[in-house]
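Student: Numbering of the sequence shown is given in our numbering, commencing with residue 681 and proceeding in unit increments.
Note that CB positions come from ideal geometry on N, CA and C, so glycine has one too.
Remember, predicted model here, so these are calculated numbers, not experimental data.
Just dropping this structure here.
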Amino acid sequence: MEKLFVEKSIKVNTPASRVWDVLTKPEFTDQWALEFSGGAELGNVTALEPNKFLRFTVFDVRGEKPPVTEEDGITYELTEQNGETMLRLSQGDFSVMAEGEKYHRLSAEVWDRVLPKVKELAEK
């Protein structure tokens, strides 16, 4: 089966360190993570380079934990140039989940709402 990832990006008019803070500090994540419903989640950080790269897994503890590879989970990649940051986001692999196409679509819709909020918070 072909892998199924949500891929999004947004340009943020602020340095990567500020975007990183909005993505990782509770005082900011509490403002945008509410878009994700479901609660009861469990996950692990699988790759980390501060201000540049973060990958982590997230699972609903009420459901089955699908098999994961090194590239699976949610990935934030930040590239800074001239004081501006390109934030790239990847989430998946939804193909390993029951009803994966549905969750892929729903996750894409959520990120379409979340990324502008992240941008707004970072640019304040």
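Between the beta-carbon of K782 and the beta-carbon of V692, is there less than 8 Å?
Tutor: Contact: no.
Student: Cα-Cα, which of L786, L767, P796 and K683 is closest to S697?
Tutor: Minimum Cα distance to S697 is reached at L767.
Student: Could you tell me the boundaries of the alpha helix (DSSP H) in which F708 lies?
Tutor: First-last of the alpha helix (DSSP H) with F708: P706 to W712.
Student: Can you list, in chain order, the residues of its chain whose CB lies under 6 Å from that of V702, leaving out five sequence neighbours each side?
Tutor: The answer, listed in chain order, is F708, V798, L801 and A802.
Student: Mapping DSSP to helix, strand and coil, what is G772?
Tutor: Residue state, collapsed to three classes: strand.
Student: Report yes if the CB atom of K705 is closer than 8 Å to the CB atom of L795, and no otherwise.
Tutor: No, Cβ-Cβ distance for K705 and L795 is not below 8 Å.
Student: Output yes or no for whether 8 Å exceeds the beta carbon distance between I754 and F736.
Tutor: Yes, the Cβ-Cβ distance between I754 and F736 is below 8 Å.
Student: Buried or exposed for Q714, please, with buried defined as at least 16 other CB atoms from any protein chain shown within 10 angstroms of its CB.
Tutor: Here residue 714 is Leu; the residue named in the question, Gln, does not match the sequence. Per the 10 Å Cβ criterion, exposed.
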